[in-house]
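Q: Provided herewith is a single structure, encoded as structure tokens, for subsequent inquiry.
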Amino acid sequence: MALKKLDIRYNKFRSFIPNEELGALRNLEYLLLDGNTLDENFLRSSGVMSSLKVLSVANCNLNGTLPRQGWCDLKYLEELSLSGNSFTGKLPTCLGNLTFLRVFDLTINQFTGNIASSPLSSLLSLEYLLLANNNFEIPISFESFANHSKLKFVTADYNSVIVQTSSKSWIPKFQLEVLSLNNCSQMPSFLHYQRHLRLLRLSKCNIGGNFPNWLLENNPRLAEVLLDGNAFTGILELPLLPNLKSFDISNNKIQGQLPPNIGYILPNLVISTMSNNMLEGLLPSSFGDMKDLAVLDLSYNKLIGDLPIGLAHKGSKLNFLRLSNNMLKGEIFPISANINNLYYLYLDRNNFSGPIPQKLSTAPLITLDLSYNNLSGNVLAWLGNIPSLTSLALSRNQLKGHIPPDYCRLEGLEVLDLSDNNIVGVIPSCFNASLSLKRVYLSKNKLHGEFNMFSNSDLKVLDLSDNNFSGSIPKWLGSTLEITTLLLKGNRLQDTIPTQLCHASNLRILDLSHNNLSGTIPHCLGSLMQQEMLIELYPYSTSSGYPGFQTFGEDALIDVESSIKLSSIIFFLDNYAWVGAEFTTKYNTYSYEGSIVDYMSGIDLSCNQFSGEIPKELSNLTEIRALNLSHNHITGTILSEFSKLQNIESLDLSYNHLTGRIPAQLSELTTLAVFSVAHNNLTGRTPQRSAQFATFNESSYEGNPFLCGPPLHINCMESTEIPISPPKPNCCEDDTGFLDMESFYISFLVAYANVVLVVVVVLCVNPYWRNVWFYFVESFMYPCYYFFTSKM
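Position one of the sequence shown corresponds to residue 207 (mature numbering (1 follows the signal peptide of the UniProt record, and there is no 0)), numbered consecutively onward.
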């Protein structure tokens, strides 16, 4: 019996079968080779398998352009997958020979060319066309596919969508069930004729106009609608969609109130994401009618009022609730609420008040974010009874008391944010061995003591700014190789910067300002930020649209559940407790939140007692965006090598004892937005007013008496004398005091000496005044003598 089907996917074969023996598989109909390493000539030789109907070579390390012979001779081929390889170039014209081709998967390659002029337009049997993650040009009109009456599944995300004016009005013969596009800039006109859509994804297209309620009304079978990242306006007038399970309209400009009967018109909704709009009014209680609702995100809107009682009803499956950045108030959850399935709760940046309800201890919470509210009371010890917690954010409330040692029971805790409260005392020492902390935010409290309890953790962020910590910077910080952000400003730290800190090669943000650190700036700081920044991306997955290869048949159904599952995973990855950093640059303090913190890099050593010269090694910080060494006692010259800091946006060297000229090479810094060398001892001309330096005003150079040229109002002379260093303030306090104390002391001593000298001269010259002076002294001397004699 001849072999009809061969499935050897992911068996780590490196060549499969020698090309000369492929003829032995002449009668093979199904060949599935995914995940092996095939010979580069395999496709060219595959034509001998003339009976093939299904061929899948996904993720087989194939590259180059598609051959123009061999595989094109498989005239009975119905399903072909080339996904997950590195093919380049245009599709060969011989592809038009595959007239029976129903399923064509080209996802995750590097194909190019306009699909309107490719052989795809002649393959009238196509049903499933998968083009995502390539370099194709996709005409938004789809007019070249007007006669593809069988076409029902198109995914073309992450290509180049081009606007192409239609030559004439046309009505498509196809009725799509799935359409997935992004970056398309306008609504595809053929959608006006579609009635069978089940999955619609037009994400990040920046399409304007009123929200397309008509599109939902025309397609009552819709199960997943993803219209996020557009510019839709207007209000929601949703039709009855009993099959809809996933609804994402986030990052638009939709206004008005949510439909009060939304639970009736979307009864089977599982995931609802409507964040970053302009929705207003009350939160509809009919959300409680959605018996399968698992994810609800209405953050960054203008919702008001209390949480509806029915939101967490009996039998509720809600496990993700995000209502951040609204104007909600009142009680967080009533006693009757069912939150037994709640894993993620984000209620930050609202107006909730009162104590944190102990009801939350009954939920299996993984993330709890109640920051930026008006919550009061002590930092609650019972939060330590939620063993599943990995992220706890309670910042910017009115909490007080000590950090409870009960938190040491949270062995999986990775994010702890208690910043900007009224917390006092010391950090519990048990944090050292108990927790898996990666991000710690305790700034703007009244904590004191040491912080050695973090020495054994895998810290990435440590923010202890604006507290009362004292002592020296711990040397163990250099052993936390994962740390990217270290913020210790505004404490009472002393001594020098330990050189061990330079071992933290991933450190990108370092703020030690407003302390009492001294010594020279370590040369080894120039070795920071040298490691390449890794930013994790979530690539397009072919599983988002269909369940897998060789599963299509005449009655094939779209696996919407698997699509929703993937959407949910990405959704969870993109939503987490506040992580980031506050860093001062360009004279302002910015909050770098979420993944954007990975793009920031800066060092702030201002307002300390550092001395010595600027280390030349700092010019190796080519990724740095902000460098602040102001208000110290730094001497020497400004480094001309700073011209290598091609990403720097803020450079502040003011209030030091720098001498010499401002290097002309600094004019090469085209990204510089803030520059200050004020109040030093610089000489010569200011840099030529071109590019960025044309934007700096007099305040960037003031306080240097022998500096000349615009924007200063001092004309440059050919001969200049090297001045004596003017007095410098030694901190970041206001330097415009009422009196110059050094001048005051000198003038006081001179005046005092003059008075004494005048008195002596008068007594020597005038006998009368000399007798009066002796009589005056004698009248006080005898009473004092008798007083002390009587006492003794």
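Just so it is clear, CB atoms sit at the ideal spot from N, CA and C, and this is done for glycine as well.
No experiment lies behind these values; they were computed from the predicted model shown.
Based on Cα-Cα distance, which residue from S456, P465 and N458 lies nearest to E443?
A: By 1-based counting over the sequence shown, the position of residue 443 is 237. Comparing Cα positions, the closest option is P465.
Q: For L683 and L517, I'd like the C-alpha separation in whole angstroms.
A: What you label residue 683 is simply residue 477 of the sequence shown in a count that begins at 1. What you label residue 517 is simply residue 311 of the sequence shown in a count that begins at 1. Near 45 Å, if we compare the C-alpha coordinates of L517 and L683.
Q: Taking DSSP as the reference, what is the three-state secondary structure of F539?
A: Against the sequence shown, residue 539 aligns to sequence position 333. Looking at F539 - three-state DSSP - the assignment turns out to be coil, as it is neither helix nor strand.
Q: Rounded to the nearest angstrom, how far is the Cβ of L336 from that of T305, given a contact under 8 Å?
A: In the sequence shown, the residue the question calls residue 336 occupies position 130. In the sequence shown, the residue the question calls residue 305 occupies position 99. The pair is not a contact, with the Cβ atoms about 19 Å apart (cut-off 8 Å).
Q: Could you tell me the distance, in whole angstroms, from the CA atom of N457 to the CA atom of F526?
A: On the sequence shown, residue 457 is found 251 positions in, with the first residue counted as 1. On the sequence shown, residue 526 is found 320 positions in, with the first residue counted as 1. Rounded to the nearest angstrom, the two C-alpha atoms are 19 Å apart.
Q: For E284, I'd like the list of residues in its chain whose CB is within less than 6 Å of its CB, leaving aside the five on either flank, ordered along the chain.
A: In the sequence shown, residue 284 corresponds to position 78, counting from 1. If we look at E284 and ignore the five residues flanking it on each side, its Cβ neighbours are K259, F306 and R308.
Q: In the DSSP output, what is A599 paired with across the bridge?
A: Walking along the sequence shown from the start, residue 599 turns up at place 393. BP columns for A599 point to D575 and D623.
Q: Can you give the beta carbon distance from L280 to G253, rounded, assuming they're within the 8 Å contact cut?
A: Your numbering for residue 280 matches position 74 in the sequence shown. Your numbering for residue 253 matches position 47 in the sequence shown. Indeed they touch by this definition, with Cβ atoms about 6 Å apart.
Q: If distances are taken between C-alpha atoms only, which option among A787, T686 and H729 comes closest to L648?
A: Start at 1 with the first residue of the sequence shown, and residue 648 comes out as number 442. Nearest option by C-alpha distance: A787.
Q: Anyone know if the C-beta pair for S678 and N697 falls short of 9 Å?
A: Taking the first residue of the sequence shown as position 1, residue 678 is located at position 472. Taking the first residue of the sequence shown as position 1, residue 697 is located at position 491. No, Cβ-Cβ distance for S678 and N697 is not below 9 Å.
Q: Quick one: using the 10 Å Cβ neighbour count with 16 as the cut-off for buried, is residue 206 buried or exposed?
A: The question about residue 206 has no answer, for the chain in this structure spans 207 to 998.
Q: Which partner residues of D717 appear in the DSSP bridge assignment?
A: To locate residue 717, count along the sequence shown from 1; it is residue 511. For D717, which the question treats as bridged, DSSP gives the partners L693 and D810.
Q: Among F637, G631 and Q871, whose alpha-carbon lies nearest the alpha-carbon of L622?
A: Residue mapping note: residue 622 aligns to position 416 of the sequence shown, counting from 1. The candidate whose alpha carbon is nearest that of L622 is F637.
Q: Are the beta-carbon atoms belonging to L529 and L513 less than 9 Å from one another?
A: By one-based count along the sequence shown, residue 529 stands at place 323. By one-based count along the sequence shown, residue 513 stands at place 307. In this structure, L513 lies closer than 9 Å to L529 by Cβ.
Q: Could you tell me which uninterrupted alpha helix (DSSP H) segments, each at least 4 residues in length, are contained entirely in the segment 221-303, listed from first to last along the chain?
A: Complete alpha helix (DSSP H) runs here, min 4: 248-251.
Q: Using a Cβ-Cβ cut-off of 6 Å (strictly less than) and excluding sequence neighbours within five positions of K211, which residues of its own chain qualify?
A: Within the sequence shown, residue 211 is the residue found at index 5, counting from 1. If we look at K211 and ignore the five residues flanking it on each side, its Cβ neighbours are Y236.
Q: In whole angstroms, what separates the C-alpha of G440 from that of S849?
A: Start at 1 with the first residue of the sequence shown, and residue 440 comes out as number 234. Start at 1 with the first residue of the sequence shown, and residue 849 comes out as number 643. Computed Cα separation, rounded: 50 Å.
Q: The beta strand (DSSP E) that contains E829, what's its start and end?
A: If you number the sequence shown from 1, residue 829 lands on position 623. E829 -> no beta strand (DSSP E), and no H or E assigned at all.
Q: If I measure Cβ to Cβ from L234 and keep anything under 7 Å in the same chain, skipping five residues before and after, which residues do I get?
A: Locating residue 234 in the sequence shown gives position 28, where the first residue counts as 1. So the qualifying residues of the chain are L209, K210, L212, M255, S257 and L258.
Q: Going by beta carbon distance, what residues of the same chain come within less than 8 Å of S289, once the five residues before and after it are set aside?
A: Counting from one through the sequence shown, the residue named residue 289 turns up at place 83. Contacts found: A264, N265, D311, L312, T313, I314, N315, L336 and T748.
Q: Taking only the alpha-carbon atoms, compute the straight-line gap between I471 and S505 and give it to the nearest angstrom.
A: In the sequence shown, counting from the first residue as 1, residue 471 sits at position 265. In the sequence shown, counting from the first residue as 1, residue 505 sits at position 299. Rounded to the nearest angstrom, the two C-alpha atoms are 22 Å apart.
Q: Going by other Cβ atoms of all chains shown within 10 Å of its Cβ, with 16 needed for buried, is A900 buried or exposed?
A: Residue numbering aside, residue 900 sits at position 694 when the sequence shown is read from its first letter. Burial call: exposed.
Q: Roughly how many whole angstroms lie between the Cα atoms of L489 and L446?
A: Numbered from 1 along the sequence shown, position 283 holds the residue referred to as residue 489. Numbered from 1 along the sequence shown, position 240 holds the residue referred to as residue 446. One C-alpha to the other measures close to 19 Å.
Q: Taking C-alpha atoms, which residue in W588, A599, L598 and R602 lies nearest to P611?
A: As a first step, residue 611 must be located in the sequence shown, where it is residue number 405. Closest by alpha carbon: W588.
Q: Three-state secondary structure (DSSP) at M659?
A: Taking the first residue of the sequence shown as position 1, residue 659 is located at position 453. M659: helix per DSSP, three-state reduction.
Q: For my contact list, S452 and I413 are in at a C-beta cut-off of 8 Å; report their separation, rounded to the angstrom.
A: Start at 1 with the first residue of the sequence shown, and residue 452 comes out as number 246. Start at 1 with the first residue of the sequence shown, and residue 413 comes out as number 207. The Cβ separation is near 19 Å, so there is no contact.
Q: Identify, in the order they occur along the chain, each residue of the same chain with its Cβ nearer than 8 Å to the Cβ of I629, setting aside the five sequence neighbours on each side.
A: Here residue 629 refers to the residue found at position 423 of the sequence shown. So the qualifying residues of the chain are V585, L605, K606, G607, H608, I609, L648, N651, K652 and L653.
Q: Nearest-angstrom Cα distance between A429 and L475?
A: The residue given as residue 429 occupies position 223 in the sequence shown. The residue given as residue 475 occupies position 269 in the sequence shown. Cα-Cα distance, rounded: 9 Å.
Q: If you follow the beta strand (DSSP E) that Y647 is part of, which residue opens it and which one closes it?
A: Within the sequence shown, numbered from 1, the residue matching residue 647 stands at position 441. R645 to Y647 is the extent of the beta strand (DSSP E) around Y647.
Q: Based on DSSP bridge pairs, tell me the residues matched to K606.
A: Taking the first residue of the sequence shown as 1, we reach residue 606 at position 400. Note: K606 sits in a beta bridge opposite N584 and N628.
Q: Measuring CA to CA, which of V961, P680 and N886 is closest to residue 1007?
A: Residue numbering for the chain in the displayed model covers 207 to 998; residue 1007 lies beyond these limits and cannot be assessed.
Q: Taking only three categories from DSSP, how would you classify D495?
A: Mapped onto the sequence shown, residue 495 falls at position 289. Reduced to three states, the DSSP call for D495 is helix.
Q: Taking the alpha helix (DSSP H) that I314 falls in, what are its first and last residues?
A: Position 108 of the sequence shown, counted from the first residue, corresponds to residue 314. Unbroken run through I314: none, as it is neither H nor E.
Q: Between F317 and L450, what straight-line distance do the alpha-carbon atoms span, to the nearest angstrom?
A: One-based indexing of the sequence shown puts residue 317 at position 111. One-based indexing of the sequence shown puts residue 450 at position 244. Between F317 and L450, the C-alpha separation is close to 34 Å.
Q: Beta-carbon separation of N834 and L811 under 9 Å?
A: Your numbering for residue 834 matches position 628 in the sequence shown. Your numbering for residue 811 matches position 605 in the sequence shown. Closer than 9 Å, so yes.
Q: For I562 and S594, which I take to be in contact (beta-carbon distance under 8 Å), what is that distance rounded to the nearest angstrom?
A: Your numbering for residue 562 matches position 356 in the sequence shown. Your numbering for residue 594 matches position 388 in the sequence shown. 17 Å between Cβ atoms; not a contact.
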